[in-house]
Amino acid sequence: MYKYHCLNPISEVGLERLTEAYVPVSDAKTADAILVRSAGMHDMEFGENLKAIARAGAGVNNIPLEKCAEEGIVVFNTPGANANGVKELVIAGMLLASRDILGGINWVQENEEDGNIAKDAEKAKKAFAGCELEGKKLGVIGLGAIGVLVANAAMHLGMDVYGYDPYVSVESAWKLSRNIHHAKSVDELYKECDYITIHVPAMESTKGMIDSNAISLMKKDVVVLNFARNVLVDEEAMVDALISGKVKHYVTDFPTPIVAGVKGAIVIPHLGASTEESEDNCAKMAVKEMVDYLENGNITNS
Ligand code: MLT
1 MYKYHCLNPI SEVGLERLTE AYVPVSDAKT ADAILVRSAG MHDMEFGENL
51 KAIARAGAGV NNIPLEKCAE EGIVVFNTPG ANANGVKELV IAGMLLASRD
101 ILGGINWVQE NEEDGNIAKD AEKAKKAFAG CELEGKKLGV IGLGAIGVLV
151 ANAAMHLGMD VYGYDPYVSV ESAWKLSRNI HHAKSVDELY KECDYITIHV
201 PAMESTKGMI DSNAISLMKK DVVVLNFARN VLVDEEAMVD ALISGKVKHY
251 VTDFPTPIVA GVKGAIVIPH LGASTEESED NCAKMAVKEM VDYLENGNIT
301 NS
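For the sequence shown, position 162 (counting from the first letter as 1) is numbered 162 according to the UniProt record's numbering, and the numbering increases by one without interruption.
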């Protein structure tokens, strides 16, 4: 018998795959394994039976990795399982930044009671005019599962895509995304692109990567998208750049008080992976990894 504890509700589709050998427990301290989505575990005391933590998602910054390593607890994550959900929201973010869809929707809501919508539609067309993505340059920093999907989708929209990733060789990235331009440095990407999206993990070396220096290299009216982790961007510098007009839009999936409400910021409450499909994929992968470790000692995505 294995005892598992779900620290956050995760998709039932994953849990349904567990055999009778697995028993859910309400007390995490008695569990052999913990399944977690994005709940913070840094203050948590672990029970003596705990052998594995399976994170249904990619980022593991909610898990105390050093403590787990010291205590011999294996941590799994599910890279790529929610990549399609994130990719689709990044594309939506670019569209929200380029076409004033939200402005238009609000205008209709505000004016519908007066019955003037049809009469004023011409004014609205001008007021909410935008620009198209086709032909614009998109810079993708980080060519992992999400970055490559975003690059491919953007190419299908007719964008000219620049990729930069210090850890992915040109050859392997070319196999994944045949028409991508390989920026020789991240600075080249900053200088060239109209839209810049970041898809790297939060590590000491990437924290604050998009800072005032990086922003100073970018084109005026650039759109910056962050669906990876908020710490990758120096948000104070980003707010200054939005206020000065250097950055036209900062589209972020992290609703921090620093950026929320700032003109030009399009702030989403971390919905990148909030799709039925992504939730199911992550839960299935996390459960599979947990089972394979507890029963066979196999370690994948640790
Ligand atoms: C992830 O790390 O996979 C994403 O942040 C999505 C999430 O867990 O909500």
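Note that CB positions come from ideal geometry on N, CA and C, so glycine has one too.
{"Item": "Could you name the residues of the same chain whose beta carbon sits closer than 7 Å to that of residue 60, not counting the 5 residues immediately before and after it, in chain order?", "Value": "75 and 77"}
{"Item": "Does DSSP put residue 52 in a helix, a strand or coil?", "Value": "strand"}
{"Item": "Should residue 270 be counted as a contact of the ligand MLT given a C-beta to heavy atom distance under 7 Å?", "Value": "yes"}
{"Item": "In whole angstroms, what is the alpha-carbon distance linking residue 281 and residue 33?", "Value": "19 Å"}
{"Item": "Return helix, strand or coil for residue 167, following the three-state DSSP convention.", "Value": "coil"}
{"Item": "Do residue 68 and residue 35 have their C-beta atoms closer together than 8 Å?", "Value": "no"}
{"Item": "With DSSP as the reference, label residue 42 as helix, strand or coil.", "Value": "coil"}
{"Item": "Starting from residue 225, follow the beta strand (DSSP E) in both directions and report where the run begins and ends.", "Value": "222–226"}
{"Item": "For residue 104, I'd like the list of residues in its chain whose CB is within less than 6 Å of its CB, leaving aside the five on either flank, ordered along the chain.", "Value": "128"}
{"Item": "Is the closest heavy atom of the ligand MLT to the C-beta of residue 57 under 7 Å?", "Value": "yes"}
{"Item": "Would you say the beta carbon of residue 11 is closer than 7 Å to some non-hydrogen atom of the ligand MLT?", "Value": "no"}
{"Item": "For residue 67, report the span of its alpha helix (DSSP H) as first-last.", "Value": "65–71"}
{"Item": "Quick check on residue 1: buried or exposed, where buried means 16 or more other Cβ atoms within 10 Å of its Cβ?", "Value": "exposed"}
{"Item": "Does at least one heavy atom of the ligand MLT sit under 7 Å from the Cβ of residue 82?", "Value": "yes"}
{"Item": "Indicate the three-state DSSP secondary structure (helix, strand or coil) for residue 286 in the structure shown.", "Value": "helix"}
{"Item": "Between the alpha carbons of residue 248 and residue 133, how many angstroms are there, rounded?", "Value": "15 Å"}
{"Item": "I'd like to confirm something about residue 37: is its beta-carbon nearer than 7 Å to some heavy atom of the ligand MLT, or not?", "Value": "yes"}
{"Item": "In whole angstroms, what separates the C-alpha of residue 244 from that of residue 71?", "Value": "49 Å"}
{"Item": "Below 8 Å on the Cβ atoms is my guess for residue 28 versus residue 47; work out the distance and round it to an integer in Å.", "Value": "7 Å"}
{"Item": "Taking C-alpha atoms, which residue in 262, 84 and 10 lies nearest to residue 149?", "Value": "84"}
{"Item": "What do you get for residue 138, buried or exposed, if any count of 16 or more other CB atoms within 10 angstroms of its CB means buried?", "Value": "buried"}
{"Item": "If you draw a straight line from the alpha carbon of residue 268 to that of residue 259, how long is it in whole angstroms?", "Value": "11 Å"}
{"Item": "Per the DSSP calculation, residue 93 is bridged to which residue(s)?", "Value": "The partner list for residue 93 (beta bridge, DSSP) is empty, contrary to what the question assumes."}
{"Item": "Just the Cα atoms here: how many angstroms apart are residue 10 and residue 58?", "Value": "14 Å"}
{"Item": "Ignore the nearest five residues each way along the sequence and tell me which others in residue 20's own chain have a CB closer than 8 Å to its CB.", "Value": "none"}
{"Item": "Measure the C-alpha to C-alpha separation of residue 193 and residue 164 and round it to an integer number of angstroms.", "Value": "12 Å"}
{"Item": "Contact between the stretch 102–116 and the stretch 222–233 is defined here as three or more beta-carbon pairs at a separation below 8 Å; is this criterion met?", "Value": "no"}
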